[in-house]
Amino acid sequence: MRTIAEPLNTTSSLREFLHGLPGVDEVGVKARATALGTRSIKNESKAWAIDMAIRMVDLTTLEGMDTPGKVRAMCAKALRPDPTDPTVPSVAAVCVYGDMAPVARAVVGDNLHVAAVATAFPSGRASLEVKLQDVRDAVAGGADEIDMVIDRGAFLSGNYGLVNEQIIAVKVACGTAHLKVILETGELRTLDNVRRASWLAMMAGADFIKTSTGKVPVAATPAVTIVMLQAVRDYYALTGSQIGVKPAGGIRTSKDAIKYLVLVKEIAGEAWLTPDLFRFGASTLLNDLLMQRQRMAVGHYSGPDYVTID
Amino acid sequence: MTFEYAPAPESLAIVSIAPSYGLFINGEFVYPTDGTTFKTINPATEEVLAEMSEANQSDVNAAVNAARRSYDRIWSVMSGRDRAKYLFRIARLLQERAREFAVLETLDNGKPIRESRDIDVPLAAAHFFYHAGWADKLDYAGLGPNPQALGVAGQIIPWNFPLLMLAWKIAPALACGNTVVLKPAETTSLTAMLFAEVCQQADLPPGVVNIITGAGDTGRMLVEHDGIDKIAFTGSTEVGKSIGRAIAGTNKRLTLELGGKAANIVFDDAPIDQAVEGIVDGIFFNQGHVCCAGSRLLLQESIAEETIAALKLRLQTLRLGDPLDKNTDIGAINSPEQLNKIHELIKSGDDEGAQRWTAPCDIPDKGWWCAPTVFTNVTQAHRIAREEIFGPVLSVLTFRTPDEAVEKANNTPFGLSAGIWTEKGSRILWMANQLRAGVIWANTFNRFDPTSPFGGFKESGFGREGGIQGLAAYLQAANDSADQARGTS
């Protein structure tokens, strides 16, 4: 069996390990995604999946135009997604820029996680010191989850040591906050790169690996998520520690969300079907989940005006 | 609560099954002259679906005569473009009635609806579309100008892909200008009878397609009939050999697509996760009832342990049960006879010292089922490494070097297909040249396309189906003097 050899902290030792991982055949992964996409989830399974998906949402706003008012409204929605139905669970977390973390924390209190993007999100193009200060500010502002970006330039140029060092440093700066490492798979392009970046992030201390910032054209896809789920499954088999996965960007419908839950169940396993180990980075997805939930309760669609826009 | 999939059964409302079926001769449904019948059974429930007619000698004569008349008077003199029109019609009707065909196929055969819906029926339609395109372009088939049809083709197909095998047989035969008498397998005749309805719906001239149901006796009458110019058979090697003997000394042409014991070869530089999927597709697709199934897994020894572990983990997610459920991966075994044969070979594996592992799954009370089974510590000498099991049973062997992989892969009387898993392109090409198999898949398995020729080496048969090469099985070249002397051109 594969093992992680002694200290993997230089570019050459990381390169040896990461390039020793089995390759990923893209055609095969896509075929698997298509096949699992035909799973038919009905009735009580669908109801369960919708509630689970709601509980897994990191309700997100990451705009230059974000204001305290917008963030407060979103936080209220996150706490109580459907004001007409108290049986609807809260989402997992709200996800905002670091400067908005105090605003979010003030609304959600201890009831929800507050995730803040940091490390010169989304490009990651800043000095390590600036990135770390970004993280410290967010944590000081009340964030208990940090969504960092890796340095894709360093990764693509083969400088794995630098990527590794930065993740380790950010992890230290996080303190007790959970660290989600955004791979930005839309910029890594190949599934081999996705697999290598996943392992690099996990070995450097990520609590979660996350697909995307949502700021580049290609965000989460089933194929990329499959490769990341295989990575956390294999990492668990090797080390005994469970790392979470967060697809983000482009997941807008209940149907899509349920397909992702099928991937989680059939690839990583049932143990990952918890908000502690799987999240959706999304904004519009929540309302579609709520509309589907209402439809299942009353037997027909109520329409978009029966869910709140916040 | 965990994430269990609620039952998601496909509706039966779309199909109507008659209590009894006749034979399709000369464009009409007729009952056989002596009224002998047999039952066709749903292998997932053991319920009788319908009574089928058993064709006797006079029925076979009637079918062959109808095919001959229609060949002489209509089909052989019709332009290729006009023949294409009918084939396109049939292809479109198969697509329009796809759901109906899929449900009926699953009921009669036991295969999961996911496969009949996503593979069998779409591929059957694709074969008609593809060959419709050839009908007016036969001058470019590589057989010289104006190649001629053979005449009346007798076609005998197996029960594993009833509609798809029908399409593989009928589409090229008709495109090339032949008329046919087709006999489906006795356990899976229903989609053939529905196809007969489609022929009527397409206004196909009477007698171009004749479908006679029955068992081995009916098949033998068809093979031995003097009015047949060509036999195309897909099925077991044993029956294939007896057909070869039966027509020896006659002018009948023959193509055989027989058994297999394919090697699926995984090198240590393979994409392991996708190789595991390929192993699953290779042997557990259609319950392993696939002549080209990757039933011998050859693993490079250095990755054997981790690959087997990954495979076992994956097999635990396979869902066995109601074939009509859209989430079912493994359906029912087609007949109790086949199940017995599988059990007998599984027992031989146990007796000969291979190590058996069976995927944990609940077996329904009714019907015929076999849980996915993997044998490790298998050697070339074991029966389960040499004989075709035709069930969801995988034999795992190991190798050390590419040479050894080739040697073991080729060390079988069969030669239908093989799979190669490696990220090294040059090795794929080298291996493909060494392997004696008709179809070689690289980094995939059990992929089919009408444009790609399919057929075997050695005891897996001869002749090709599909692609430009498949046309030769139903045409004679203009300068083929032996055939001209026979006067059939």
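Those sequence lines, one after another, are chains P and L. Residues 161 to 470 (this note's numbering) are what the first sequence spells out, left to right. Residues 144 to 632 (this note's numbering) are what the second sequence spells out, left to right. Even glycine gets a Cβ: it sits at the ideal position worked out from N, Cα and C. Computed from a predicted model, the values in this text were never measured in an experiment.
| message | Measuring only the C-alpha atoms, how far is Glu-608 (chain L) from Val-582 (chain L)? | response | 11 Å
Does the beta carbon of Tyr-466 (chain P) fall short of 7 Å from some heavy atom of the ligand GTP?
Ligands are entirely absent from the displayed structure, and the ligand GTP is therefore not among its contents.
Limits of the unbroken alpha helix (DSSP H) element including Thr-249 (chain L):
241-252
*Between the CA atoms of Leu-178 (chain P) and Thr-345 (chain P) - distance to the nearest angstrom*: 16 Å
Mind checking Asp-311 (chain P): buried by the 16 CB within 10 Å criterion, or exposed? buried
Item checked: Option nearest Asp-360 (chain L) by Cα separation, candidates L:Val-382, L:Asp-369, L:Cys-342 -> L:Val-382
Check: So which of L:Ala-514, L:Asn-553, L:Val-521 has the shortest CA-CA distance to Pro-535 (chain L)?
Finding: L:Ala-514
For Met-308 (chain P), write down the residues that DSSP places opposite it in a beta bridge.
-> P:Val-341
- Task: Please compile the residues from chain L whose C-beta is within a distance smaller than 8 Å of the C-beta of Gly-313 (chain P).
- Result: Simply none; closest approach about 26 Å.
Contact between the region 211-220 of chain P and the region 441-457 of chain P: three or more CB pairs below 8 Å?
-> yes
Checklist entry - Whose C-beta lies closer than 7 Å to the C-beta of Ala-380 (chain P) among residues of the same chain, with five residues either side of it excluded? => result Thr-371, Ser-372, Pro-407, Ala-408, Gly-409, Gly-410, Ile-411
**Message:** Do Gly-562 (chain L) and Ser-108 (chain L) have their beta-carbon atoms positioned less than 8 Å apart in this structure?
**Reply:** As displayed, chain L neither begins before 144 nor continues past 632, which places residue 108 (chain L) out of reach and without an answer.
For Thr-555 (chain L), I'd like the list of residues in its chain whose CB is within less than 7 Å of its CB, leaving aside the five on either flank, ordered along the chain.
Lys-404, Arg-529
Notebook entry, point to check: In the DSSP assignment, what are the bridge partners of Leu-442 (chain L)?
Noted result: L:Val-409, L:Thr-541
How big is the Cα-Cα spacing for Lys-384 (chain L) and Ser-401 (chain P)? 58 Å
Can Leu-174 (chain P) and Tyr-320 (chain P) be called in contact, C-beta distance under 8 Å? yes
Taking the alpha helix (DSSP H) that Gln-298 (chain L) falls in, what are its first and last residues?
Note, Gln-298 (chain L): premise wrong, no alpha helix (DSSP H); beta strand (DSSP E) at 295-299.
| task | Taking only the alpha-carbon atoms, compute the straight-line gap between Gly-492 (chain L) and Phe-533 (chain L) and give it to the nearest angstrom. | result | 14 Å
- Ser-201 (chain L) classed as buried or exposed, judged by whether at least 16 other C-beta atoms fall within 10 angstroms: exposed
Using CA atoms only, rank isn't needed, just tell me which of L:Asn-199, L:Glu-495, L:Asn-394 is closest to Thr-179 (chain L). L:Asn-199
- For Ala-151 (chain L), the nearest candidate out of P:Thr-194, P:Lys-206, P:Leu-181 (CA to CA): P:Lys-206
Review point. Roughly how many angstroms lie between the CA atoms of Ala-625 (chain L) and His-274 (chain L), to the nearest whole one?
Key: For Ala-625 (chain L), the predicted model reports a pLDDT of 47, less than 50, meaning its position is unreliable and no value from the coordinates is stated.
Cβ-based contacts, 9 Å cut-off: residues of the region 417-431 of chain P near chain L:
Leu-421, Val-422, Val-424, Lys-425, Glu-426, Ile-427, Gly-429, Glu-430
#### Entry: 6 Å CB neighbourhood of Gly-180 (chain P) in its chain, flanking five on each side removed
none
Taking C-alpha atoms, which residue in L:Ala-391, L:Ala-278, L:Asp-412 lies nearest to Gly-183 (chain P)?
L:Asp-412
If you reduce the DSSP assignment to three classes, tell me which class Lys-469 (chain L) lands in.
coil
### Message
Going by DSSP in three states, Tyr-461 (chain P) sits in which element: helix, strand or coil?
### Response
coil
(message) If you reduce the DSSP assignment to three classes, tell me which class Asp-218 (chain P) lands in.
(response) strand
For Thr-194 (chain P), the three-state DSSP class (helix, strand or coil):
helix
What in chain P is Cβ-close to Asp-261 (chain L), meaning under 8 Å? Thr-198
_Whole-Å CB distance - Tyr-164 (chain L) paired with Ala-205 (chain L), under 8 Å assumed_ = Actually they do not touch by this definition, with Cβ atoms about 16 Å apart.
| Looking at the structure shown, is Cys-255 (chain P) part of a helix, part of a strand, or coil, going by DSSP? | strand
Quick check on this structure: which residue in L:Thr-356, L:Cys-342, L:Thr-322 has the alpha carbon closest to the alpha carbon of Asp-372 (chain L)?
L:Thr-322
Leaving out the 5 sequence neighbours to the left and right, which residues in its chain are closer than 7 Å to Ala-628 (chain L) when beta-carbon positions are compared? Bear in mind that the predicted position of Ala-628 (chain L) carries a pLDDT of just 44, short of 50, making it unreliable; the figure below should be weighed with that in mind. None.
TODO: Could you check what DSSP says for Leu-230 (chain L) in three-state terms: helix, strand or coil?
DONE: helix
- Message: Quick check on the burial criterion: 16 or more other C-beta atoms within 10 angstroms. Buried or exposed for Leu-618 (chain L)?
- Response: buried
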